[in-house]
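Its first residue numbered 7, the sequence shown is counted upward by one per residue in our numbering. Below is one structure; the comments refer to it alone.
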Amino acid sequence: MTISQFIKHSTLKAVVLSLASFGGLVINNATSFAVQVNFSSWQSFGDVTSRAGQANLTTNALQSDDFPQPDTSFNFSGTPAGEARPTPNLQNFLGVTGTALDIGGVAFEGSAIKNTITAQAGDVFSFNYNFLTNETSKPDYAFFLVNNTVTKLADITNASNVSSPFSKETGNNSFTYTFSTPGTYNLALGVVDINDYNNTSALKVSNANLQPVPEPLTILGSLTALGFGVGMRQRFRKQA
């Protein structure tokens with residue numbers, strides 16, 4: 007092998023190795039940017055305050071729910087929570103049946119936010135939440151809803167931490183939901199009073215994000231095609 011041939015051989019080998027190493031170099035949108043959820047653009051029902059990434063909801067109906075403590079200590083917005091019984095206003099807002107929220111008892115009142123989004127398979131909706139309550143026996147709870155499926159996030163049995171001004175809370179927890187198929191989804195978050203109208207319960211949501219499904223892109227194919235194109239051009243030039 008001549009020096010010239012050796013140089014050409016070594017150069018070709020280096021190019022191949024470089025391309026091979028690029029095969030492991032992925033432009034990975036797994037680091038794709040999570041989009042903060044702007045709850046202020048969601049529809050609301052009852053006692054709700056919201057902004058980007060955060061929402062606060064209670065079951066307080068401004069009817070001396072926590073007497074002798076004032077409603078203003080527990081109602082976030084100045085708007086009363088809405089009925090779930092006898093008129094299913096909350097259920098109608100969510101687009102579910104009149105008994106869909108009767109988990110552990112009968113839903114009497116509550117508050118909720120909702121929105122419709124388009125998601126791809128693998129997209130992830132995530133948030134942190136804290137359930138707070140003054141309830142001592144009735145199983146008030148907070149929920150997350152996807153289309154017509156209600157998932158309980160927490161109820162009074164999970165609230166074991168001392169809180170203020172509420173009696174107790176769960177503390178901060180995280181929740182994630184991964185969309186299994188592409189499509190349009192109705193999402194909602196809410197909190198309900200079970201079996202009576204007394205004693206306020208609340209849901210605080212924070213750090214809400216929608217993470218798009220990662221779309222890794224390898225540049226090996228592009229570099230290989232580029233190298234092949236250059237090589238073929240040189241070959242045809244020599245033949246000409």
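Glycine included, each C-beta is placed from N, C-alpha and C at the ideal position.
The shortest CA-to-CA distance from residue 101 to any of 80, 143 and 151 is the one to 151. Across the structure, residue 94 and residue 104 are spaced so that their CA atoms are roughly 6 Å apart.
Residue 123 holds the alpha-carbon nearest to the alpha-carbon of residue 216 among 110, 171, 123 and 145. Exclusion of the five residues before and after residue 60 leaves 212 as the residues of its chain whose Cβ lies within less than 6 Å of its Cβ.
Counting along the chain, no alpha helix (DSSP H) covers residue 81, and no H or E run does either. Across the set 161, 181, 51 and 163, the C-alpha of 51 shows the shortest separation from the C-alpha of residue 90. Cβ neighbours of residue 185 within its own chain (closer than 8 Å, five residues either side excluded): 125, 126, 127, 128, 129, 130, 131 and 191. Contact between residue 140 and residue 173 holds: their C-beta atoms lie close to 5 Å from each other, under 8 Å. When the Cα atoms are used, residue 55 and residue 82 turn out to be separated by approximately 7 Å.
When beta bridges are read from the DSSP output, residue 174 appears opposite 139 and 168. The C-alpha of residue 166 is placed about 21 Å away from the C-alpha of residue 111. Where residue 107 is concerned, there is no enclosing beta strand (DSSP E), because DSSP gives it neither an H nor an E. Between residue 196 and residue 113, the gap from beta carbon to beta carbon reaches 7 Å or more. Annotation: residue 96 is outside any beta strand (DSSP E); the continuous alpha helix (DSSP H) that includes it extends over 95 to 100. If the five residues before and after residue 65 are omitted, its C-beta is found closer than 7 Å to the C-beta atoms of 87, 115, 116, 117, 146, 197, 198, 199, 206 and 207, all from its own chain and listed in chain order.
Membership of residue 51 in the beta strand (DSSP E) is indicated by the continuous run 49 to 51. For residue 144, the closest of 134, 108 and 39 by C-alpha to C-alpha distance is 108.
DSSP places residue 185 outside both helix and strand once states are collapsed to three, so it counts as coil.
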